[in-house]
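There are 2 protein chains.
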Amino acid sequence: MTAGDPGGLDFWSFVELANRRLAEEYGFKHQLATELLLTLNRASNIVTYDLEASVHRPHGLSWSGFRLLFVTWLAGPLEAKKAAELTGMSRAAVSNLAKTLVADGSLNRESGVRDGRSVLLSLTDAGHRDMIEVFREHNEREDEWAGVLSPEEQRILVMLLDKLVTSRDQFDVRGRN
Amino acid sequence: MTAGDPGGLDFWSFVELANRRLAEEYGFKHQLATELLLTLNRASNIVTYDLEASVHRPHGLSWSGFRLLFVTWLAGPLEAKKAAELTGMSRAAVSNLAKTLVADGSLNRESGVRDGRSVLLSLTDAGHRDMIEVFREHNEREDEWAGVLSPEEQRILVMLLDKLVTSRDQFDVRGRN
DNA sequence: TGAGGCTAGTACATGTATTAACTAGTATCT
DNA sequence: AGATACTAGTTAATACATGTACTAGCCTCA
Chain R
1 MTAGDPGGLD
11 FWSFVELANR
21 RLAEEYGFKH
31 QLATELLLTL
41 NRASNIVTYD
51 LEASVHRPHG
61 LSWSGFRLLF
71 VTWLAGPLEA
81 KKAAELTGMS
91 RAAVSNLAKT
101 LVADGSLNRE
111 SGVRDGRSVL
121 LSLTDAGHRD
131 MIEVFREHNE
141 REDEWAGVLS
151 PEEQRILVML
161 LDKLVTSRDQ
171 FDVRGRN
Chain U
1001 MTAGDPGGLD
1011 FWSFVELANR
1021 RLAEEYGFKH
1031 QLATELLLTL
1041 NRASNIVTYD
1051 LEASVHRPHG
1061 LSWSGFRLLF
1071 VTWLAGPLEA
1081 KKAAELTGMS
1091 RAAVSNLAKT
1101 LVADGSLNRE
1111 SGVRDGRSVL
1121 LSLTDAGHRD
1131 MIEVFREHNE
1141 REDEWAGVLS
1151 PEEQRILVML
1161 LDKLVTSRDQ
1171 FDVRGRN
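Read top to bottom, the protein sequences are chains R and U. Per this note's numbering: the first sequence = residues 1 to 177. Per this note's numbering: the second sequence = residues 1001 to 1177.
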């Protein structure tokens, strides 16, 4: 083995090991960047997985399904395209998801009047009732997560994450269709 | 429409609108937590998607494929289970992915000697060469992303993200199998 | 030593994402 | 008005992750 016994590695000792080898053996330079993106990715995955498993699946919703209903709930009836932008999904994903949510009875889909191509999404009454309940649980869970940071820390974190993604106009970023 | 014309909504005005309605119309309390998790999720998705589209897909790798090869590269030959822990995937995902990466010729899979149930993953020579090149591009791209924050800000961000996920022992978090 | 329980990995069915190709409606420009 | 280009949405093929159920190997302890 080149890296010693990896049996006891946890995430942080892996990051440390990785950074050391990347720098010393291969001469890569941007270690802090690697560490940052690894940590960002991991934090998001852990939190998302927990919310989906503990809140949404028990209500028969996928994480994506929740996100789509959430923006539809709060941003009023909106076009599928807008929903895709706000949720960060592709238009095709919204189209597919909408189909199942309509079948489940939580979403309405009607053609737009101004633009005949567009589709307006809105919640059904049942969908609205469900969202209030699901979001109640979701919000409690979110608070448990966020609560390990002070409000000040939370604000800093939001600010830094925002800065990270909004400054991306500085280079050519690949986004979804 | 209950929410006014949503046509001009971008992510941040949506968050603002959502928070206002959640608080005023429905009486939900943990707005900062909602904002934090929405922002975290979004930042991670945007950065990940960009890296995958601009670096990994052109090399014929999925994001997950890259992650698996990455930990295998740096943490030496390791058991599939360990790889699952480090990448945050399920064991089944590692098993499936390994199958395709072995077929692609970048990964070796051999049975463990100590434990006959386990499987040891390691890079082939070709896989090793590929990783060096792919990671070079990956690391440059990471640096472009991280570079919009000062090193000090990057460190704070890493620290806060770490605090967020490592304090989770305080409550019962759902993790993958 | 052998029964029961545990663990690593895999196969399968399912769900859901992606891209690319397509349809149909809209906008523009002459 | 008509040709052309563009845009919204859907569909189809494909990729991949999940949970569940299973197999096979290990461990313990009586």
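All C-beta atoms in this analysis are idealised placements derived from N, C-alpha and C, irrespective of residue type, glycine included.
Own chain residues within Cβ distance below 6 Å of residue i, not counting five before or after
i: V158 (chain R); result: none
i: F1066 (chain U); result: H1056
i: M1 (chain R); result: Bear in mind that the predicted position of M1 (chain R) carries a pLDDT of just 37, short of 50, making it unreliable; the figure below should be weighed with that in mind. Taken in chain order, the list of residues that qualify is empty.
i: A3 (chain R); result: At A3 (chain R) the pLDDT is 41, less than 50, meaning the model places this residue with poor confidence; the figure from the coordinates comes in the next sentence. Cβ neighbours of A3 (chain R) beyond the five flanking positions: none.
i: K1163 (chain U); result: none
i: P1077 (chain U); result: L1120 and S1122
i: R20 (chain R); result: none
i: E1024 (chain U); result: none
i: N1041 (chain U); result: none
i: R1114 (chain U); result: none
Beta carbon of residue i nearer than 9 Å to that of residue j
i: T1118 (chain U); j: N1108 (chain U); result: One point to set straight first is that residue 1118 (chain U) is Ser, not Thr, in the sequence displayed. Cβ distance not < 9 Å, so S1118 (chain U) and N1108 (chain U) don't count as in contact.
i: V1134 (chain U); j: H1056 (chain U); result: yes
i: A146 (chain R); j: V1165 (chain U); result: no
i: T1028 (chain U); j: N139 (chain R); result: In the sequence as presented, Thr is not what sits at residue 1028 (chain U); that position holds Phe. Yes, the Cβ-Cβ distance between F1028 (chain U) and N139 (chain R) is below 9 Å.
i: T124 (chain R); j: S106 (chain R); result: yes
i: T87 (chain R); j: S62 (chain R); result: no
i: R176 (chain R); j: A75 (chain R); result: no
i: F171 (chain R); j: E1144 (chain U); result: yes
i: I1132 (chain U); j: Y49 (chain R); result: no
i: I1156 (chain U); j: I156 (chain R); result: yes
i: L1036 (chain U); j: L37 (chain R); result: no
i: L1160 (chain U); j: E16 (chain R); result: no
i: L1009 (chain U); j: K99 (chain R); result: no
Beta-ladder partner(s) of residue i, from DSSP
i: V998 (chain U); result: Summary: the structure shown does not reach residue 998 (chain U), with chain U confined to residues 1001 through 1177, and so no result is reported for it.
i: E1079 (chain U); result: U:L1120
Residue of the options minimising C-alpha distance to residue i
i: G1116 (chain U); options: U:D1162, U:E1079, U:D1143 and U:Y1049; result: U:E1079
i: W1073 (chain U); options: U:V1148, U:A1126 and U:L1009; result: U:A1126
i: L1069 (chain U); options: R:R155, R:A18, R:T39 and R:A103; result: R:A18
i: V173 (chain R); options: U:V1094, U:H1059, U:L1120 and U:R1141; result: U:R1141
i: S1054 (chain U); options: U:R1168, U:L1160, U:A1023 and U:E1137; result: U:E1137
i: R1168 (chain U); options: R:L51, R:K99, R:D130 and R:L161; result: R:L51
i: P58 (chain R); options: R:D130, R:K163 and R:D162; result: R:D130
i: A1103 (chain U); options: U:G1060, U:L1022, U:V1113 and U:R1114; result: U:G1060
i: P151 (chain R); options: U:L1009, U:T1034 and U:E1024; result: U:T1034
i: L1022 (chain U); options: R:V71, R:R114 and R:K82; result: R:V71
Close-in-space but distant-in-sequence residues of the same chain around residue i (CB under 7 Å, 5 per side omitted)
i: L1032 (chain U); result: none
i: S95 (chain R); result: A80
i: L97 (chain R); result: S64, G65 and L68
Close Cβ partners of residue i (< 8 Å) along its chain, the five nearest in sequence each way excluded
i: D5 (chain R); result: Here the model assigns D5 (chain R) a pLDDT of 49, short of 50, so the residue's position is not dependable, and the following value carries that caveat. Counting only Cβ-Cβ distances below 8 Å, and skipping sequence neighbours, we find nothing.
i: L101 (chain R); result: G65, L68, L69, L107 and G127
i: A93 (chain R); result: S64 and A84
i: S1039 (chain U); result: Looking at the sequence itself, residue 1039 (chain U) is Thr, so the reference to Ser does not match. Closer than 8 Å at Cβ, skipping near neighbours: V1015.
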